[in-house]
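One point on numbering: in full-length UniProt numbering, the residue at position 692 of the sequence shown is 692, and numbering is uninterrupted. No residue lacks a Cβ here, since even glycine has one placed at the ideal position from N, Cα and C. Here the structure comes first, spelled out in structure tokens, and everything after it is commentary.
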Amino acid sequence: MKTLTLTESKAADSSLIKQTFPVSGMTCAACASSVESILSHTEGVMQASVNFASNSVWVEYDAKLSPADLQNAIRAIGYDLLVDTEDPAAAQQEMQQKHYADVKQRTIWSALLTLPVFVLGMFFMEWEPGRWISMALSVPVLFYFGRSFFIHAWKQARHARANMDTLVALSTGIAFLFSFFNTLFPGFWHARGIHPHVYYEAATVIITFISLGKLLEERAKSNTSSALKKLMGLQPKTLKAIIDGQEQEIPIASVQKGYRVVVRPGEKIPVDGTVVSGNSFVDESMITGEPVPVEKTSGQQVFAGTINQKGSFQFEAEKVGGETLLAQIIQMVQEAQGSKAPVQKLVDKIAGIFVPVVLLISIATFATWMLLGGDDAFTHALLTSVAVLVIACPCALGLATPTAIMVGVGKGAENNILIKDAESLELGHRVNAIVLDKTGTITKGKPEVTDIVWESTEAGDHARGVLLGMEAQSEHPLAEAVVRRLQADGIRPAIIKGFNSLTGQGVEASDEAGERYFVGNSQLLQERNIALTTELEQQSRQWQDQVKTVVFFANEQQVLAVVAIADQLKPSSKAAIARLKQMGVSVYMLTGDNRQTAAAVAAQVGVTDFKAEVLPADKAEFIKQLQAEGKLVAMVGDGINDSHALAQADVSIAMGQGSDIAMDVAKMTLITSDLKSIPKALQLSRKTVFGIKQNLFWAFIYNAIGIPIAAGLLYPVNGFLLDPMIAGAAMAFSSVSVVANSLRLKASKLS
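Here you go:
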């Protein structure tokens, strides 16, 4: 199978190529925006969409262009495309792991070197040698381990832009240079009657804190490709095919349409095709989401990635490589992840305005003091302009969002909600439509015996033992539910003989005395003219109206028992859906099951909008339609078949007992199967976002008050000038207040 991390296909117009490339050098949403912008404006490129989470870009471009042309356009703004590699998926993964390891190493070293600088600056500020030690330790923190902030700030400046990196580079650079001058030339200030202070700890702490935030972001991003890797792992690497009359094991890449493929018990089906001989039950939950395996006989279709049960069969390969349904699911998941426009971080947006304003205030402060400062004009001009830059330090601004997010993530874990992506926690409060998968989400996802009615209350343990013995040998997936129920009732299996499977009807067998028994459907009763009492017939019809599967147990004369089997609702489903509606969220249900079953389940839990018999692509398309209507959509699912829809949704939530792939694609995972955790997750988002807004408010109030004072606004009134050292302390206090406000979330309750 051709890897789909690098997808390439001819569009309807054969002169256009669609291709996905790994991108290196992106460190923030603004970087992703720059890459997307430059590619979109490159001549010959129709569309470009950057996926910052996976460090990749999807491009639709004219065949006259070469990948090298695209690479040159990106290199011109300081980034790079990986185009010359045989395995882009592996190259991209290696690139992400290397970058994550690099960020981790830089953060650790920054923290180790910052600690002594912080101690010296806060507790031994008057110790003369401490200044030199702090300076020596600060140089590698800023200009080696923190060099990326300065590099990216320069890239942004070249394009007349500013973001958080600009603010970090500006504030730390000014703080270091001012401290460096004060360390080398303290006499300059002493001659003017001023004691020079240094601010190495402020510069290094900022670098370390912001680096920690980057590390947490990179760790989340490094896991984004695992879902695609697991989806690809669903297809076996080799298969057994009949070639020249002989069974041969060949690589999956060598299979061609028309090959006859052999599938044995427990094996994964390698490609799509049609059964030509044999029969079995196949687990198709990755496509339909339904837990009951489907019987496959001659003429029926099978799909790559689905799992054969106990039987054996042969099928003719019809779709191979990128044509299989599994390959299409992989491609749809990848495109859904990549199609989301990069979300420009709020702080980056703020910084884009804040940085130029602070710079202008600092320059205006310097100029004003030079003009009106009298004899000490230069001294006052320099001190006040530096104080403005120090007090406008981004620590409080930078901590406003990550501290609230970290507390929110911890609060979620306490309530069985694992949050992998901060963006989903930020978006959750705006969700106004939620799409629920039926099987495994609203229901338990596992067939269970709900009722057994015996023809006679005198039916003894022997009859029950025969039923258990027959179902224990049956290959039918529903037989397991009957076995579990009888074993739970303490029944022991009877010895049976002559077990035989009756295709499409059920099974038959004899007990030790030679009496013949049958387990199966109504067709089996009709074929053998087995009597069914009026009471049992009425009971079976009642269960069928409730969309339960009915199984009959009989001897050669009459039906001895009727068994009802169904996928039970989770106890919390109805209450959770009612709670979501109270919160003003529209609830929809999607399922691959038939309409009758879907309607029955929807009615029981109070869902009025539902769709049945939908495929994975249909689920994602339904979410697209809701998004086109202006709704912000959350998707809750548990199966492989939900992965495309989860990737498409604005907020994706996986059930913790579902498939690994669903959990990898989703940005939130509910550890418990209790659906009441969903409204709790949305409530947590609302509380977290409110905390972020409060933090930003306090950070700005602090700057709104502090910057004018630092500029010398009070000097004409009472002669007060803010010392840069006090400005640094005020900056530290603002950070403490932001952290303290975030911690208030821990005390709140979710209901």
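For residue j and residue i, the rounded distance between their alpha carbons
{"i": "residue 613", "j": "residue 578", "result": "25 Å"}
{"i": "residue 594", "j": "residue 436", "result": "16 Å"}
{"i": "residue 514", "j": "residue 465", "result": "15 Å"}
{"i": "residue 413", "j": "residue 254", "result": "47 Å"}
{"i": "residue 499", "j": "residue 452", "result": "23 Å"}
{"i": "residue 619", "j": "residue 697", "result": "40 Å"}
{"i": "residue 545", "j": "residue 471", "result": "25 Å"}
{"i": "residue 622", "j": "residue 592", "result": "13 Å"}
{"i": "residue 689", "j": "residue 403", "result": "11 Å"}
{"i": "residue 59", "j": "residue 45", "result": "7 Å"}
{"i": "residue 446", "j": "residue 568", "result": "8 Å"}
{"i": "residue 19", "j": "residue 357", "result": "41 Å"}
{"i": "residue 638", "j": "residue 297", "result": "28 Å"}
{"i": "residue 343", "j": "residue 369", "result": "For residue 343, the predicted model reports a pLDDT of 36, less than 50, meaning its position is unreliable; a value from the coordinates is still stated below. Rounded to whole angstroms, residue 343 to residue 369 spans 41 Å at the Cα level."}
{"i": "residue 110", "j": "residue 134", "result": "13 Å"}
{"i": "residue 326", "j": "residue 277", "result": "23 Å"}
{"i": "residue 6", "j": "residue 252", "result": "The predicted model places residue 6 with a pLDDT of 35, which falls under 50 and marks its position as unreliable; any figure quoted below should be read in that light. Each residue's Cα considered, the two are about 18 Å apart."}
{"i": "residue 400", "j": "residue 49", "result": "29 Å"}
{"i": "residue 79", "j": "residue 629", "result": "36 Å"}
For residue i, the nearest candidate out of the options (CA to CA)
{"i": "residue 157", "options": "355, 586, 453 and 110", "result": "355"}
{"i": "residue 553", "options": "567, 573 and 532", "result": "532"}
{"i": "residue 36", "options": "15, 140 and 74", "result": "74"}
{"i": "residue 503", "options": "709, 670 and 475", "result": "475"}
{"i": "residue 72", "options": "99, 48, 47 and 38", "result": "38"}
{"i": "residue 643", "options": "630, 667 and 411", "result": "667"}
{"i": "residue 680", "options": "582, 719 and 702", "result": "582"}
{"i": "residue 586", "options": "433, 123, 77 and 155", "result": "433"}
{"i": "residue 535", "options": "547, 509, 562 and 521", "result": "562"}
{"i": "residue 743", "options": "473, 450 and 405", "result": "405"}
{"i": "residue 428", "options": "547, 649 and 307", "result": "649"}
{"i": "residue 526", "options": "505, 285 and 309", "result": "505"}
{"i": "residue 77", "options": "520, 23, 191 and 672", "result": "23"}
{"i": "residue 588", "options": "596, 575 and 610", "result": "610"}
{"i": "residue 174", "options": "387, 736, 368 and 324", "result": "387"}
{"i": "residue 489", "options": "180, 467, 473 and 477", "result": "467"}
{"i": "residue 555", "options": "507, 584 and 541", "result": "507"}
Cβ-Cβ distance between residue i and residue j below 8 Å
{"i": "residue 425", "j": "residue 685", "result": "yes"}
{"i": "residue 419", "j": "residue 407", "result": "no"}
{"i": "residue 530", "j": "residue 511", "result": "no"}
{"i": "residue 741", "j": "residue 694", "result": "yes"}
{"i": "residue 304", "j": "residue 235", "result": "yes"}
{"i": "residue 360", "j": "residue 170", "result": "no"}
{"i": "residue 706", "j": "residue 380", "result": "no"}
{"i": "residue 313", "j": "residue 294", "result": "no"}
{"i": "residue 653", "j": "residue 678", "result": "yes"}
{"i": "residue 201", "j": "residue 121", "result": "yes"}
{"i": "residue 564", "j": "residue 450", "result": "yes"}
{"i": "residue 264", "j": "residue 241", "result": "no"}
{"i": "residue 494", "j": "residue 462", "result": "yes"}
{"i": "residue 759", "j": "residue 262", "result": "No information on residue 759 is available, as it lies outside the stretch 1 to 751 that the chain covers here."}
{"i": "residue 182", "j": "residue 392", "result": "no"}
{"i": "residue 675", "j": "residue 572", "result": "yes"}
{"i": "residue 63", "j": "residue 83", "result": "no"}
{"i": "residue 745", "j": "residue 411", "result": "yes"}
{"i": "residue 215", "j": "residue 103", "result": "yes"}
{"i": "residue 238", "j": "residue 269", "result": "no"}
Boundaries of the beta strand (DSSP E) in which residue i is found, first to last residue
{"i": "residue 535", "result": "That residue, residue 535, is in no beta strand (DSSP E); its alpha helix (DSSP H) goes 534-545."}
{"i": "residue 161", "result": "First-last for residue 161: undefined, no H or E at that position."}
{"i": "residue 315", "result": "312-319"}
{"i": "residue 667", "result": "Note, residue 667: premise wrong, no beta strand (DSSP E); not H, not E."}
{"i": "residue 611", "result": "609-611"}
{"i": "residue 568", "result": "559-569"}
Where the alpha helix (DSSP H) through residue i begins and ends
{"i": "residue 487", "result": "479-488"}
{"i": "residue 695", "result": "677-710"}
{"i": "residue 470", "result": "461-473"}
{"i": "residue 525", "result": "522-527"}
{"i": "residue 426", "result": "422-427"}
{"i": "residue 621", "result": "616-628"}
contact_flag[the stretch 626-635, the stretch 594-601] where n(CB pairs < 8 Å) is 3 or more: no
Inter-stretch contact at 8 Å, needing at least 3 Cβ pairs: the stretch 267-279 / the stretch 474-489: no
Segment contact, 8 Å Cβ cut-off, at least three pairs: the stretch 203-215 with the stretch 112-123: yes
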